[in-house]
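For the sequence shown, this note's numbering gives the first residue as 1, with consecutive numbering after it. No residue lacks a Cβ here, since even glycine has one placed at the ideal position from N, Cα and C. This report concerns only the one structure given below.
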Amino acid sequence: GGVGTFAVQLAKNHFGCYVVASCSFGNAQLVRALGADEVLDYTDPGFLHSAGLTKFDVIVDCVGGDDYWQAFKGTLKPDGVFVTLVGNKRYLADDMSLDYGNALQIKADYFWRQIKNRMGAQENYHILTGSQVKSEDLPIVASLLEQGAVRVVLAQSFPLTEITAAHQLSESHHVVGKIVIQVRKGEPGEGAPPSHMDKKVGDLDSQMAALLARKNNPQGVR
């Protein structure tokens, strides 16, 4: 989660772009603080037509769904690109179980769109996959974090024993920023968590013992 918060900061502070971002009305102030020049409310019924005559070089889609592509492809410049992190199924299709067959369907759609892309039929549409992530970019991101040009928006931190609750929060798709799983309590001067987290986060051994206890005593799992 939290990809959009990084995308806004990278676009503004690293690439020097004029940034138009979308979020709910309640998060508009945060998104502006991260660097967005304009903010569109995606809960507005007219959102899919809110870009008007604006022409974009790049549109980054963190939600998925062909309705976004169909609505915004006309706002791309002739050499502009629409990059989706999800694909044509919104949130990888919340209402369907992601079994082997559905995973193959998603992969087949991805390859079909890439074929059309290479043929020029959908040359503006791209799906970003893990295989396209370059390790050599990580030092650049680390440098931006050290300089303060990019910051991490922390939504909530969970100890390892509460990883189920962390997943449930993530799957709500309404998390603002990153969800952090703390595997062990930090040492002083080594990224120790804030003091208000100390009581909640034990060391790795105690967390693993608690997990094993829950596994061996399923009646005690809530």
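So what does residue i bridge to, in DSSP terms?
i, result
"residue 21", "39"
"residue 279", "Nothing can be reported for residue 279: it is not among the residues displayed for the chain, which extend from 1 to 222."
"residue 56", "76"
"residue 61", "84"
Buried or exposed for residue i, going by 16 or more other Cβ atoms inside 10 Å?
i, result
"residue 134", "exposed"
"residue 79", "exposed"
"residue 15", "exposed"
"residue 55", "exposed"
"residue 3", "exposed"
"residue 18", "exposed"
"residue 309", "One cannot answer for residue 309 here, as it falls past the ends of the chain, which runs 1 to 222."
"residue 161", "buried"
"residue 12", "buried"
"residue 61", "buried"
"residue 108", "exposed"
For the beta strand (DSSP E) that contains residue i, what are its first and last residues?
i, result
"residue 78", "76-84"
"residue 126", "125-127"
Could you pull out every residue in the same chain whose Cβ sits closer than 7 angstroms to the Cβ of residue i, ignoring the five residues on either side in sequence?
i, result
"residue 81", "58, 124 and 126"
"residue 5", "34, 153 and 177"
"residue 169", "156, 175 and 179"
"residue 73", "82 and 124"
"residue 27", "176"
"residue 166", "158, 179 and 181"
"residue 51", "72 and 75"
"residue 77", "55, 56 and 57"
CB-CB under 8 angstroms to residue i, same chain, minus the five flanking residues each way: which ones, in chain order?
i, result
"residue 47", "22, 40 and 41"
"residue 32", "39"
"residue 49", "71"
"residue 69", "61, 82, 84, 88 and 125"
"residue 150", "6, 9, 10, 13, 14, 141 and 144"
Suppose the cutoff is 6 angstroms on Cβ atoms and the five residues either side in sequence are ignored; what does the same chain contact list for residue i look like?
i, result
"residue 20", "38"
"residue 10", "none"
"residue 25", "41"
"residue 36", "8, 19 and 21"
"residue 43", "24"
"residue 164", "none"
"residue 146", "none"
"residue 132", "none"
"residue 137", "none"
How is the alpha helix (DSSP H) around residue i delimited, first residue to last?
i, result
"residue 174", "Premise fails: residue 174 is in no alpha helix (DSSP H) and is neither H nor E."
"residue 6", "3-9"
"residue 286", "Because the chain is modelled from 1 through 222, residue 286 falls outside the range shown and cannot be assessed."
"residue 150", "Careful: residue 150 lies outside any alpha helix (DSSP H) and carries neither H nor E."
"residue 168", "163-170"
"residue 29", "28-34"
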